[in-house]
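Trainee: Residue numbers (my numbering): -5 to 78.
Each residue gets a CB set at the ideal place from its N, CA and C atoms; glycine is no exception.
#1: Determine the contact status of residue 55 and residue 71, defining contact as a CB-CB distance below 7 Å.
#2: Looking at the structure shown, is residue 14 part of a helix, part of a strand, or coil, going by DSSP?
#3: Based on DSSP bridge pairs, tell me the residues matched to residue 71.
#4: Taking the alpha-carbon positions, what's the residue 4 to residue 15 distance?
#5: What's the gap between the Cα of residue 52 and the Cα of residue 11?
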């Protein structure tokens, strides 16, 4: 089921710190059926959250996140938890 396999979190309007905390909670709570967490952070209002998310979860810093990808547009970052 797509609704269980992909979790979406919208962090528009949050501070960088609050956004990262909210995303970490989703990553920590992700069960075995979840393969992706889609983070909607926006783009036109600034890129601080986008940059922080991509930096925080890239390079193996978070063991549960296998890779980080850009979404369908620049306002979305995809955190891949497990491969399909």
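Mentor: The answer reads as follows:
#1: As a working mapping, residue 55 is identified with position 61 in the chain shown. As a working mapping, residue 71 is identified with position 77 in the chain shown. Contact: no.
#2: Position 20 of the chain shown holds residue 14. Helix, per DSSP.
#3: Sequence index remark: in the chain shown, residue 71 carries index 77 (1-based). Note: residue 71 sits in a beta bridge opposite 33 and 64.
#4: Taking the first residue of the chain shown as 1, we reach residue 4 at position 10. Taking the first residue of the chain shown as 1, we reach residue 15 at position 21. Note on geometry: alpha-carbon atoms of residue 4 and residue 15 lie some 13 Å from one another.
#5: To locate residue 52, count along the chain shown from 1; it is residue 58. To locate residue 11, count along the chain shown from 1; it is residue 17. About 17 Å.
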